[in-house]
Amino acid sequence: MSAQVSYNDFVIKFANVNGSGSASANGMFAKALFRMGIPVATRNIFPSNIQGLPTWFEVRVSERGYLGRREGVDVMVAMNAETYEEDVASVVPGGYLFYDNSKPLARELVRNDIVEVGIPISEMLLPEFQDPKQRQLFKNITYLGALSALLNLDFDVLKSMIGEQYKGKDALIKPNIHALEIGRNYAMEYLDCPLRVQVRPSDAVGDRIMINGNSAAALGCIYGGATVCAWYPITPSTSLVEAFERYANQLRLDENGRRKFAVVQAEDELAAIGMVIGAAWNGARSFTATSGPGLSLMSEFLGLAYFAEIPAVLFDVQRAGPSTGMPTRTQQSDLLSAAYASHGDTKQVLLIPATPKECFEFAAAALDLADRLQTPVIVLSDLELGMDDSLSEPFVWDDERRYDRGKVYTAEDLDELESYGRYRDIDGDGIGYRTYPGTHPTKGSFFTRGTSRDENAKYTESPDAYIANMRRLERKWQTAAGLVPVPEISRSEPARAYGIIYYGTTEHPMREALDRLAEDGIHLDTMRIRAFPFSQAVFEFVTEHELVFVVEQNRDGQMETLLVSEGRLDSAQLIGVRYFGGLSISADIIAREIRDYFVENKLARISEVTS
Amino acid sequence: MSFISKPVVHHPQLGHNDLGLTRRDYEGPISTLCAGCGHDSVSAAIVQACAELSIPPHRFAKVSGIGCSSKTPSYFLGNSHGLNSVHGRMPSVTTGANLANRSLHCIGISGDGDTASIGLGQFAHIVRRRVNMLYIVDNNGTYGLTKGQFSATNDKGSTNKKGLPNLHEPIDLVSMALQIGATFVARSFSGDKRQLVPLIRAGLLHEGFAFIDVVSPCVAFNNHAGSTKSYEYVRGHRDDVVMADFVPTHEEITADYAPGEREDVLMPDGSTLRLRKLEETYDPRDRTKALNYVHDKTLQGEVVTGLLYIDPDASDCHAMLNTVAEPLNSLGEAELCPGSEALDAINASFR
Ligand SMILES: Cc1ncc(C[n+]2csc(CCOP(=O)(O)OP(=O)(O)O)c2C)c(N)n1
Ligand code: SF4
Ligand SMILES: [Mg+2]
Chain P
150 MSAQVSYNDF VIKFANVNGS GSASANGMFA KALFRMGIPV ATRNIFPSNI QGLPTWFEVR
210 VSERGYLGRR EGVDVMVAMN AETYEEDVAS VVPGGYLFYD NSKPLARELV RNDIVEVGIP
270 ISEMLLPEFQ DPKQRQLFKN ITYLGALSAL LNLDFDVLKS MIGEQYKGKD ALIKPNIHAL
330 EIGRNYAMEY LDCPLRVQVR PSDAVGDRIM INGNSAAALG CIYGGATVCA WYPITPSTSL
390 VEAFERYANQ LRLDENGRRK FAVVQAEDEL AAIGMVIGAA WNGARSFTAT SGPGLSLMSE
450 FLGLAYFAEI PAVLFDVQRA GPSTGMPTRT QQSDLLSAAY ASHGDTKQVL LIPATPKECF
510 EFAAAALDLA DRLQTPVIVL SDLELGMDDS LSEPFVWDDE RRYDRGKVYT AEDLDELESY
570 GRYRDIDGDG IGYRTYPGTH PTKGSFFTRG TSRDENAKYT ESPDAYIANM RRLERKWQTA
630 AGLVPVPEIS RSEPARAYGI IYYGTTEHPM REALDRLAED GIHLDTMRIR AFPFSQAVFE
690 FVTEHELVFV VEQNRDGQME TLLVSEGRLD SAQLIGVRYF GGLSISADII AREIRDYFVE
750 NKLARISEVT S
Chain D
2 MSFISKPVVH HPQLGHNDLG LTRRDYEGPI STLCAGCGHD SVSAAIVQAC AELSIPPHRF
62 AKVSGIGCSS KTPSYFLGNS HGLNSVHGRM PSVTTGANLA NRSLHCIGIS GDGDTASIGL
122 GQFAHIVRRR VNMLYIVDNN GTYGLTKGQF SATNDKGSTN KKGLPNLHEP IDLVSMALQI
182 GATFVARSFS GDKRQLVPLI RAGLLHEGFA FIDVVSPCVA FNNHAGSTKS YEYVRGHRDD
242 VVMADFVPTH EEITADYAPG EREDVLMPDG STLRLRKLEE TYDPRDRTKA LNYVHDKTLQ
302 GEVVTGLLYI DPDASDCHAM LNTVAEPLNS LGEAELCPGS EALDAINASF R
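Chains as they are written, first to last, in this note's numbering: chain P, 150 to 760; chain D, 2 to 352.
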């Protein structure tokens, strides 16, 4: 146990009971650190339950800006007797266990290698607050107060946050601050404050914001001009639509308070995507948000939209499958079912954001791409990205930017034309010209269908016409590969022997894992895939390396499958690094598996080579 | 498709509407359904009704599911856009279309399989949602396109072509629509243009959700003795309520409908259908009575046709959603994008 003080570098985990009001106190804790300029990432590990089951809130505090999950807990705030045993066990040697010692700890739970910090929270609150329900709520605030002393939080920041939280309900501010002070004063008086693990003001946050991906995507839809949203509630996508509606009610009203948007809670996901497709066919930008089970239900409609060439935007905030799986845990396991959603030779465009900023940008981009490509665009987020607050670069919007509504003929265009055929490939990019319903009295109308048709949208079962149409859709797919976000590649010149591929939320632990591997002499070229179809650069990255690790948060290596089949790659070249337990993959797992692979296969490390 | 219009040899008897257009301008390409299929008569009635209303022919949006019935939107209103979607999901697609552009007249065409089986959920919910549209079910009591299986609207005991009886209770779409709050509910018979055309007109003008269940015999699989959706059966068992040339403007609604006259109607197959005299006592503004009436007549083996219920003060989903008057699809960056300054403020709110 080293006695060295460490600043702004720890994992603190709060163990609570779901529905006990801990969420807002824990959120305040994270926000206070953020306001002190310290990078933080939060993880809400919650049950599929409204009240009573255990829930955890983890805050990664990292001056170096590591926002991914790290194994081991430095400070455990154990407020749930039911999970006490496992909570105590998860503390790293030398770490701290913070608990309510109003009742003595069971002896068998005592560990000699950690520091116990007991505070008689219940006991102190008993005389202060009469109402037992209030007492329960203030317990959370009291431990917050104690932690402020123990970890050296800026108390003024914390107090000002109470003020913000209860703005308009001023009567609540005083008792909350009182509860804070009870905890803080006790700690100051009876405990050794601050602990070895503590915080100090920093400027590492810069101008970054703290937000979750669902809010970011909702804002992207507002900025990207979505006017119709149809959805069916499902965790973890629900908050995306709720955020859209909230922002739209602020930002999208006309001078009479009438709405320049429509949000419809559908009867199921089939109806939700049906509404999105109907609205998009009729010229409105529309989207839905769902998770795995909803994606499965939507798949017939996604085939219609692919084949009939109707734009649609779908956010799939992934959770752990199969079936209902672990509905409140994260995974990247819908990749294949999204990429090939629907029967027949169907392929779907995917955008894969890694940060809230990308959620914002990809949402707006998805609306443009869907119109440009006249096809569904699925934004694959996940529970951690969608629901957990994390540091993000602030969002930027260029006021000169115009929505790309794709190829759409107006009435004037039609008047200029000799003739019109909806599916003619005039420009050679596989994309025809649409007309919106109601455009012209006599020109440009056509019948949209999921059955085969010729380039004039006339029904046909001619093999030649069918094949020509399917080939054109293939050309369009190539066009898509050139329009979707490019991969983020970092490679040395010439390329190293080994590379690593990752995507989505693996971005955060990856930075940390790469740093750790570098310390061990393992240096890798990296590529973060951000979209499907893959561009040539994606396949080249694989072929120019001897071995490529593919890091994924699913069991079957879905990205690996997609790469091998789409790029006709040699699967022996790809080594899967996977975690699918429902928490996000950690830097520890990535670094350990790769290091082990190097050792087992006696691969040369740079430091060995150079030394 | 080049823009050479059809030869303009108009039928000498075709009149011009207020727009100077004839029925021809509201037609579509030639139908590929079986000769004598009731669905084609429904299409013809739609053409006539739309022409009579003098709505520009491109201002409709036609949406359908899958089935013979759902194919028909490609055979009428050739100057309008149409979307033949997936089986049973016409309601959701039409909802989206209507949300995007409220200024178009939405016509949804479905079949009894499409609506009462695979699409029953969507049917129920579009009724509740009050989408401003005309929803027509071409109801033949069978799955025409998949060759004659019983559908859920088929009456218990009714036989199929092989003589086998249907063992299940039927779903009555009209009663269901009444029960869950439809503001315009009618039933008619494909072979009765005189009744059907005015109903379609009224349904199109209705500000809200309008539903017409049209008994529409399938000549290939369900037009034999023993089927309760055959021409023969329906002709012998109808009970017409409001022979409604009923234009639901607010002034006229307060007056009771005028009693109609005894009519002989020429059927597509050349026979004559005698409509029963209207019941002057029937009040189409009473939902409960309408439900009871349909129920009683069904027990007597009669098919009630006509305008069963109308709420003259109906409103639609746009009113519920409080959307702007302009079509949402006409809004651009200026109306939709809050701009960078607002975004800076949003960023600041996350600090
Ligand atoms: C998901 C799906 N399941 C089954 C079918 C096959 N199918 C096509 S039409 C139809 C029944 C249509 O019956 P109905 O709606 O009554 O139309 P009709 O042909 O009688 O006018 C079925 C089952 C399909 N197209 N899609
Ligand atoms: S099978 Fe029946 S429903 Fe289909 S087109 Fe023929 S007659 Fe009409
Ligand atoms: Mg049918």
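For every residue, glycine included, the Cβ atom is placed at its ideal position computed from N, Cα and C.
Figure out for me which residue from the options has the closest Cα to the Cα of residue i.
i: residue 439(P); options: 228(P), 658(P), 532(P) and 600(P); result: 532(P)
i: residue 455(P); options: 224(P), 527(P) and 501(P); result: 527(P)
i: residue 226(D); options: 44(D), 160(D), 146(D) and 215(D); result: 160(D)
i: residue 417(P); options: 447(P), 590(P), 401(P) and 570(P); result: 447(P)
i: residue 21(D); options: 47(D), 53(D) and 44(D); result: 53(D)
i: residue 182(D); options: 216(D), 165(D), 193(D) and 132(D); result: 132(D)
i: residue 126(D); options: 582(P), 720(P), 421(P) and 632(P); result: 421(P)
i: residue 437(P); options: 209(P), 411(P) and 457(P); result: 411(P)
i: residue 206(D); options: 105(D), 328(D), 87(D) and 352(D); result: 105(D)
Below 7 Å, is the gap between the Cβ of residue i and the nearest heavy atom of ligand 1?
i: residue 115(D); result: yes
i: residue 491(P); result: no
i: residue 167(D); result: no
i: residue 542(P); result: no
i: residue 69(D); result: yes
i: residue 146(D); result: yes
i: residue 418(P); result: no
i: residue 225(D); result: no
Hey, would you say the C-beta of residue i is under 7 Å away from at least one heavy atom of ligand 3?
i: residue 232(D); result: no
i: residue 473(P); result: no
i: residue 294(D); result: no
i: residue 143(D); result: yes
i: residue 354(D); result: Any question about residue 354(D) goes unanswered here, given that chain D covers just 2 to 352.
i: residue 152(D); result: yes
Kindly indicate which three-state DSSP category residue i falls into: helix, strand or coil?
i: residue 228(P); result: coil
i: residue 237(P); result: helix
i: residue 107(D); result: strand
i: residue 235(D); result: helix
i: residue 337(D); result: helix
i: residue 426(P); result: helix
i: residue 36(D); result: coil
i: residue 349(D); result: helix
Does the beta-carbon of residue i, which I'm using as the reference point, lie nearer than 7 Å to any heavy atom of ligand 2?
i: residue 40(D); result: yes
i: residue 66(D); result: no
i: residue 222(D); result: yes
i: residue 237(D); result: no
i: residue 34(D); result: yes
i: residue 219(D); result: yes
Find the residues of chain D that neighbour residue i, judging by a C-beta separation of less than 8 Å, and give them in chain order.
i: residue 185(P); result: Ordered by position in chain D, no residue passes the 8 Å Cβ test against residue 185(P), which lies about 12 Å from the chain.
i: residue 372(P); result: 338, 339 and 344
Can you name the residues that DSSP bridges to residue i?
i: residue 188(D); result: 214(D) and 307(D)
i: residue 162(P); result: 207(P) and 225(P)
i: residue 475(P); result: 469(P)
i: residue 546(P); result: Note: residue 546(P) sits in no beta bridge, so no partner.
i: residue 625(P); result: Residue 625(P) is not bridged to any residue.
i: residue 590(P); result: Paired residue(s): none; residue 590(P) is not in a bridge.
i: residue 82(D); result: 62(D)
i: residue 675(P); result: 639(P) and 649(P)
Taking C-beta pairs closer than 7 Å, name the residues in chain D that residue i reaches, listed in chain order.
i: residue 543(P); result: 348
i: residue 449(P); result: 87
i: residue 598(P); result: 85
i: residue 432(P); result: 101, 102 and 330
i: residue 366(P); result: Correct list: empty, because the minimum Cβ distance to chain D is about 13 Å.
Residues of chain P with CB under 8 Å from residue i, in chain order?
i: residue 123(D); result: 416, 419, 420 and 423
So which residues of chain D does residue i contact, with C-beta pairs closer than 9 Å?
i: residue 732(P); result: Near residue 732(P) there are no residues of chain D at all, since even the closest Cβ is about 25 Å away, more than 9 Å.
Quiz prompt | Against chain A: residues of the stretch 584 to 596 of chain P by CB proximity under 9 Å | solution = Protein chains in the displayed structure are P and D, and chain A is not among them.
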